[in-house]
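The numbering of the sequence shown is my numbering, which starts it at 251 and goes up by one. Ideal Cβ placement from N, Cα and C applies to all residues, glycine included.
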Amino acid sequence: MSTDPRLERYGRQMRAAGIGEAGQRRLLGSRALIVGLGALGTHAADALARAGVGSLDLVDRDVVEPGNLQRQVLYTEADAAAGVPKAIAAAARLHACNSEIAVAAHVAECSGPFLRGLPRRPDLVLDGTDNFATRYLLNDWCAEQRVPWIYAGAVGSEGAAMVVLPGGPCLRCLWPEPPPGAEVGNCETAGILAPAIAAVTAFQVAEALRLLSGSPAPPTRGVFTCDVWTGHYAVLQLASGPAPDCPVCRRERFPALSAPPTDAVTLCGRDAVQVDLALAHPLDLARLAERLGGAVTGMQQTGHLLRFEADGVRFSVFPGGRALLFGVRDPLRARALYDRWIGRS
Ligand SMILES: [Zn+2]
């Protein structure tokens, strides 16, 4: 038994996993960045917080909605009714589960500038995203920063996950370019079974704890794949080194970090578009609320955002000017509605 009362709550974990007191102290001293707080991200964040990973940075651009509650384990009906940003709701819940760790919420788009502006480099990055554009950005940034990251994805009853270490093989070694959006099934078209999420995040979290606790056992090499409906679980072996033509692993070129930002993107499988324009001046929500006045309906302002409805579309506008538009799929129409109701000056 440990003599340190801080470690008492982790006693079973220290014994069962061979983490020991030294490993637990390393967990408490480590920092993980979790990108995306949907089903994957909330499962992983919950597990890492309870396991005592000492500092968690959570980043997500979205707000909680009723349709999330089926599988996104950190949120409540009250969060959905109030449209609380996911990063804020998740951080509050994790603090209630483990007040001894530090949790920072970032309500933001995970972009190159966002990652480069992080005050501290994480020891590990966990992929909880729902799109390949962000995964390739994480792949390239982690390679540049020499930080390990763990890819994870799940659709329908299937899932996949892979540890990517500095030096590769990386995601681009397997697939040089992100697959076109139309070719990738998503939770909307293929549905999602909660146990597929649980299986993939079980792999992801176990690998994370092994890496962060300094275990002598090396990370699993290869791609974990599962189909929880057919009962198929496997680790596909990879070549021992990076692909001969991988720009990231072989030539230290990071294409996703130099790609121009996109200002309007449709959110995965949803009737929603994010508009994030480079505004000349940061938007003042109080002044916007005053200007909109009686022209819109259902206006609500909280410390985190301003919500209202106009032209049959629900707007959630964040300080600074980023906005989510619900009830629209076409980025061009979303940009036009943004200009009409929010404006750029
Ligand atoms: Zn590579």
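In the DSSP annotation of this structure, Ile442 is not part of any beta strand (DSSP E), being labelled neither H nor E. For the pair Leu575 and Val523, the CB atoms are nearer than the 8 Å cut-off. Taking all protein chains in view, the Cβ of Trp479 is surrounded by fewer than 16 other Cβ atoms within 10 Å, so the residue is classified as exposed. The beta carbon of Asp312 lies closer than 6 Å to those of Lys336 in the same chain, with the five residues before and after it left out. For Thr552, no alpha helix (DSSP H) segment is defined, and its DSSP state is neither H nor E.
When DSSP states are grouped into helix, strand and coil, Tyr325 belongs to the coil group. In terms of Cα proximity to Leu388, the closest of Ala328, Leu415, Ser407, Gly406 is Leu415. Scanning its chain for C-beta atoms nearer than 6 Å, with the 5 sequence neighbours on each side dropped, one finds around Asp329 the residues Val314, Ala339, in chain order. The beta carbon of Asp589 sits closer than 7 Å to none of the beta carbons in its chain outside the five residues before and after it. In the DSSP assignment, Gln524 falls within the unbroken beta strand (DSSP E) covering 522-525.
Within the same chain, and ignoring the five residues on either side of Asp254 in sequence, the residues whose Cβ sits closer than 8 Å to its Cβ are Glu271. In this structure, the alpha-carbon of Val498 lies about 18 Å from that of Ser361. Residue pairing for Met412: DSSP places it in a beta bridge opposite Tyr401, Val473.
For Ala404, the closest C-alpha among the options Gly291, Ala528, Arg262 is that of Gly291. In this structure Leu486 is exposed. Its beta-carbon is surrounded by fewer than 16 other beta-carbon atoms within 10 angstroms. Judged by DSSP in its simplified three-state form, Ala267 adopts coil rather than helix or strand. Counting only the Cα atoms, Leu443 lies some 17 Å from Pro316. Counting every other CB atom within 10 Å of its CB across the protein chains shown gives Cys420 a total of 16 or more, marking it as buried. Assignment of Thr379 by DSSP, reduced to helix, strand and coil, places it in the coil class. The residue from Val309, Ala509, Ile269 with its alpha-carbon nearest to that of Phe364 is Val309. Measuring C-alpha to C-alpha distances from Leu507 to each of Val413, Ala514, Gln395, His345 identifies Gln395 as the nearest. Taking the Cβ atoms as the reference, Glu359 lies roughly 17 Å from Arg594, outside the contact range of under 8 Å. DSSP places Thr292 within a helical segment (H, G or I) once states are collapsed to three.
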